[in-house]
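Chemist:
There are 2 protein chains.
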Amino acid sequence: MTPDTAFLASISLFHGLPPQALAAALAAAREARYEEDSFLFYQDDPADRVFALVSGRVKLTQLSGDGQQVIMRVITPGLLFAAIGIVAGATYPVSAEAAEESGALIWTQAAMRALIEQYPRLALNALAVMGVQVREFQDRYRELATERVERRLARAILRLASQAGRKTDEGVLLDLPITRQDLAEMSGTTLYTVSRILTQWEGQGLVHATRERIVITFPHGLVSIAEDLPQRARPNAVE
Amino acid sequence: MTPDTAFLASISLFHGLPPQALAAALAAAREARYEEDSFLFYQDDPADRVFALVSGRVKLTQLSGDGQQVIMRVITPGLLFAAIGIVAGATYPVSAEAAEESGALIWTQAAMRALIEQYPRLALNALAVMGVQVREFQDRYRELATERVERRLARAILRLASQAGRKTDEGVLLDLPITRQDLAEMSGTTLYTVSRILTQWEGQGLVHATRERIVITFPHGLVSIAEDLPQRARPNAVE
DNA sequence: CTGTTTATTTGATCTGGCGCAAAGAAACCG
DNA sequence: CGGTTTCTTTGCGCCAGATCAAATAAACAG
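First to last, the protein sequences are chains A and B.
Residue numbers for the first sequence follow the working numbering, beginning at 24 and rising by one.
Residue numbers for the second sequence follow the working numbering, beginning at 24 and rising by one.
1. Do Gln132(B) and Asp68(B) have their C-beta atoms closer together than 8 angstroms?
2. Please state whether DSSP places Ser218(A) in a helix, a strand or coil.
3. Going along chain A, which residues have a C-beta under 8 angstroms from Val172(B)?
4. Rounded to whole angstroms, what is the Cα-Cα separation between Gly194(B) and Pro100(B)?
5. Going by the CB atoms, is the gap between Ser61(A) and Ala122(A) shorter than 8 angstroms?
6. Return yes when the Cβ of Leu45(A) is within less than 8 angstroms of the Cβ of Leu36(A), no when it is not.
7. Which residues, taken in chain order from the segment 76-91 of chain B, show a beta carbon closer than 7 angstroms to some beta carbon of chain A?
8. Taking 6 angstroms as the limit between beta carbons, can you name the residues of its chain near Gln186(A), skipping five residues before and five after?
9. For Val16(A), would you say it is in contact with chain B, using Cβ-to-Cβ distances shorter than 8 angstroms as the test?
10. Is it buried or exposed, Gln161(A), if we count other Cβ atoms within 10 angstroms and call 16 or more buried?
11. Which residues in the same chain have their Cβ closer than 6 angstroms to the Cβ of Leu183(B), if we skip the five residues on either side of it in sequence?
12. My understanding is that Leu245(B) touches Ile239(B), with C-beta atoms under 8 angstroms, so please give their C-beta distance in whole angstroms.
13. My understanding is that Leu128(A) touches Val77(A), with C-beta atoms under 8 angstroms, so please give their C-beta distance in whole angstroms.
14. Scan the segment 162-190 of chain B for residues whose Cβ lies nearer than 9 angstroms to a Cβ of chain A and list them as they occur along the chain.
15. May I ask you to verify whether the segment 149-161 of chain A touches the segment 197-212 of chain A, counting CB pairs closer than 8 angstroms and requiring at least 3?
16. Along chain B, in chain order, which residues have C-beta atoms closer than 7 angstroms to that of Met153(A)?
17. Please confirm if Pro143(A) has its CB atom under 8 angstroms from at least one CB of chain B.
18. Could you tell me which of Val155(A), Tyr65(A), Thr25(A) sits nearest to Tyr115(A), measuring between CA atoms?
19. Touching or not, the segment 133-147 of chain A and the segment 77-92 of chain A, by the rule of three or more beta carbon pairs under 8 angstroms?
20. Going along chain B in order, which residues have a C-beta closer than 9 angstroms to the C-beta of Met95(A)?
21. Report the start-end ranges of each alpha helix (DSSP H) in the segment 160-237 of chain A that is 4 residues or longer and not cut off at the edges.
22. Just the Cα atoms here: how many angstroms apart are Leu167(A) and Arg158(A)?
23. For Gln66(B), does the three-state DSSP call read helix, strand or coil?
24. Excluding the 5 residues preceding and the 5 following Arg203(B) in the sequence, name in chain order all residues of the same chain whose CB lies nearer than 6 angstroms to its CB.
25. Which residues mark the beginning and the end of the beta strand (DSSP E) in which Val93(B) is found?
26. Using a Cβ cut-off of 8 angstroms (strictly closer), state whether Leu63(B) contacts chain A.
27. Would Gln43(B) be called buried (16 or more neighbouring beta carbons within 10 Å of its own) or exposed?
28. Over what stretch of residues does the beta strand (DSSP E) that includes Val81(B) continue unbroken?
29. Below 7 angstroms on C-beta distance, what does Pro41(A) contact in chain B?
30. For the segment 221-248 of chain A, which residues have a CB atom closer than 9 angstroms to at least one CB atom of chain B, in sequence order?
31. Please list, in chain order, the chain A residues whose beta carbon lies closer than 7 angstroms to that of Ile34(B).
32. Tell me, which residues are paired with Ser78(B) by DSSP?
33. Note the first and the last residue of the continuous beta strand (DSSP E) segment covering Ser118(A).
34. Comparing the C-beta of Tyr147(B) with each C-beta of chain A, is any distance below 8 angstroms?
35. Ala48(A) lies in the alpha helix (DSSP H); which residues open and close that run?
36. If Met95(A) sits next to Val117(A), beta carbons under 8 angstroms apart, how far is it from one beta carbon to the other, in whole angstroms?
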């Protein structure tokens, strides 16, 4: 499970870099393990490190003044996060919590800046990574401002499926433990509403949801809801 | 009104750069004028230029599939926007529309990349600019997911005041024409609700709102609402 | 196996704020 | 200046979805 340069090459931050750059990056990183429910860093901590997940799952959450929590992203292996740690003087806008036993590569800000100095391409890659994030949050912001809960939930689940979906004979399993509360925090609603919508989808044969486990049995149906296409029920579904 | 290097130095992208870098940047830019209601670029256009506003006002808006519009940012002179244009292969996530007659400096992607090559510090500055944006949208996303309309509207108005507020003897004037519809699109609600809340605030002596014009007569009251402090009405307000 | 904790469902109730309609009111234009 | 356009207000009905309460149900600890 010790990461190699091939692993690094799969991380968007390192795309297009020469082998010796990958080797240097690997040498500059340190690896750390985190047990379930432990925190990698907290919101408002000085952002002085950059992370890449090697194994496990990490949730990035933001807390409001009155204690309400929102899940910003779920990190799966191969993803870079806390990229803001490259920038001097910043603080983390979210907290990072291991949803299960996890391993991560860590670069200090100094190490990352030294790498950038040597391989300026890294800075452009980092800009691209940030750009994707700006876009994603603008999109999600608009969704939240203009769209119904059902559609937002469909999108949240499809997003999860795209990064942690595993094909089984029953359908696409979301390969991470996820509660109704988590889904609510990802789509800006309440666990009650999530529960009701899932029950309804279950009746339409779109998903099979049990405790902390979601299987998408008819992905096209969810896509229809997310995109607002007309027909929704699964063909042959028992109504 | 022709911008000089002093103007460039005030733009966050160019912070800490040596004078000759500013001169080079100025030489690499071209200036353009836009009349009211004209578009600088459209959402989903290839992002191949970076802009800095010299004069006027520009609205960055995002349109959803079914035609609903959201205002992402209001750009005032001295602000950099469309920074995503530095990154190869991206598209603009928003449209940019001149809210009044405006002037902007424009760098092509090629020009900007050449500058970065020469002054790598630029890349780190660009990262910082993007980082601020990621944070801002994450914050606003959470607000939208967890907070009431009244508070979101208070925040939207205070945000506008911080970048386009002008002190008058009546209070802080939002120095740009802004409709109820605009405010609704900035805070994720409808123009009806905005109108009602403003009327209510007017009664509490917090603001003075007329056609396309907002004066904050008791800023502390708005802050109280934005931060959820207890007392709200203006002392001596006529109820 | 049993008690406890954590997650889920479901009914009942309530309400913030949306959407419509219609009537001002201010700006704009020929 | 008179007609038109644009912006704003306000009453009214309504409903998506939040909130509350309580009953399962699944996992877990000892």
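Yeah, the Cβ is synthetic: ideal placement off N, Cα and C, and Gly gets one too.
Modeler: Quick look at the numbers:
1. One-based indexing of the second sequence puts residue 132(B) at position 109. One-based indexing of the second sequence puts residue 68(B) at position 45. It is not a contact, given that the beta carbons lie outside the stated cut-off.
2. Translated into positions along the first sequence, residue 218(A) becomes position 195. Ser218(A): helix per DSSP, three-state reduction.
3. Here residue 172(B) refers to the residue found at position 149 when the second sequence is read from its first residue. The contacting residues do not exist; Val172(B) stays about 11 angstroms from chain A at best.
4. For the purposes of this step, residue 194(B) is taken as the residue at position 171 of the second sequence. For the purposes of this step, residue 100(B) is taken as the residue at position 77 of the second sequence. C-alpha separation (whole angstroms): 22 angstroms.
5. Here residue 122(A) is taken as the residue at index 99 of the first sequence, counted from 1. Here residue 61(A) is taken as the residue at index 38 of the first sequence, counted from 1. Against a cut-off of 8 angstroms, the Cβ pair of Ser61(A) and Ala122(A) comes out as no contact.
6. For the purposes of this step, residue 36(A) is identified with residue 13 of the first sequence, where counting begins at 1. For the purposes of this step, residue 45(A) is identified with residue 22 of the first sequence, where counting begins at 1. For Leu36(A) and Leu45(A), no; Cβs fall outside 8 angstroms.
7. Gln85, Ser87, Gln91
8. Translated into the one-based positions of the first sequence, residue 186(A) becomes position 163. Thr99.
9. Residue 16(A) is absent from the model: chain A starts at 24 and stops at 262.
10. If you number the first sequence from 1, residue 161(A) lands on position 138. Buried, because 16 or more other Cβ atoms sit within 10 Å of the Cβ of Gln161(A).
11. Within the second sequence, numbered from 1, the residue matching residue 183(B) stands at position 160. The answer, listed in chain order, is Leu197.
12. For the purposes of this step, residue 245(B) is taken as the residue at position 222 of the second sequence. For the purposes of this step, residue 239(B) is taken as the residue at position 216 of the second sequence. Correct: roughly 6 angstroms between the Cβ atoms.
13. Within the first sequence, numbered from 1, the residue matching residue 128(A) stands at position 105. Within the first sequence, numbered from 1, the residue matching residue 77(A) stands at position 54. Correct: roughly 6 angstroms between the Cβ atoms.
14. Asp162, Arg163, Tyr164, Arg165, Glu166, Leu167, Ala168, Thr169, Glu170
15. no
16. Translated into the one-based positions of the first sequence, residue 153(A) becomes position 130. Leu150, Met153, Gly154, Val157, listed in chain order.
17. By one-based count along the first sequence, residue 143(A) stands at place 120. Yes, Pro143(A) lies at the interface with chain B (some Cβ there is under 8 angstroms from its Cβ).
18. Locating residue 115(A) in the first sequence gives position 92, where the first residue counts as 1. Per the Cα distances, Tyr65(A).
19. no
20. Residue numbering aside, residue 95(A) sits at position 72 when the first sequence is read from its first letter. Here the neighbours are Gln161, Tyr164, Arg165.
21. Whole alpha helix (DSSP H) segments, 4+ residues: 172-187, 203-210, 214-226.
22. The count along the first sequence starts at 1 and reaches residue 167(A) at position 144. The count along the first sequence starts at 1 and reaches residue 158(A) at position 135. Rounded to the nearest angstrom, the two C-alpha atoms are 14 angstroms apart.
23. In the second sequence, the residue the question calls residue 66(B) occupies position 43. In this structure, Gln66(B) counts as coil in the three-state DSSP scheme.
24. The count along the second sequence starts at 1 and reaches residue 203(B) at position 180. Here the set comprises Leu214, Val217, Ser218.
25. Against the second sequence, residue 93(B) aligns to sequence position 70. 92-98 is the span of the beta strand (DSSP E), which, as asked, contains Val93(B).
26. Walking along the second sequence from the start, residue 63(B) turns up at place 40. Taking Cβ atoms only, chain A never reaches closer than 8 angstroms to Leu63(B), which makes this a no.
27. Counted from its first residue, the second sequence places residue 43(B) at position 20. With fewer than 16 Cβ atoms within 10 Å of its Cβ, Gln43(B) is classed as exposed.
28. For the purposes of this step, residue 81(B) is taken as the residue at position 58 of the second sequence. Here the beta strand (DSSP E) through Val81(B) covers 81-86.
29. Position 18 of the first sequence, counted from the first residue, corresponds to residue 41(A). Under the 7 angstroms cutoff, chain B gives no residues; its nearest Cβ is about 17 angstroms from Pro41(A).
30. none
31. Residue mapping note: residue 34(B) aligns to position 11 of the second sequence, counting from 1. Result: empty, since nearest Cβ-Cβ is about 17 angstroms, beyond 7 angstroms.
32. What you label residue 78(B) is simply residue 55 of the second sequence in a count that begins at 1. Ser78(B) is bridged to Gly126(B).
33. Sequence index remark: in the first sequence, residue 118(A) carries index 95 (1-based). From DSSP, the beta strand (DSSP E) with Ser118(A) extends over 118-121.
34. Mapped onto the second sequence, residue 147(B) falls at position 124. Looking at the sequence provided, one finds Leu at residue 147(B) rather than Tyr. Yes, Leu147(B) lies at the interface with chain A (some Cβ there is under 8 angstroms from its Cβ).
35. In the first sequence, counting from the first residue as 1, residue 48(A) sits at position 25. Residues 42-51.
36. Taking the first sequence and counting its residues from 1, one reaches residue 95(A) at position 72. Taking the first sequence and counting its residues from 1, one reaches residue 117(A) at position 94. About 5 angstroms; that satisfies the 8 angstroms criterion.
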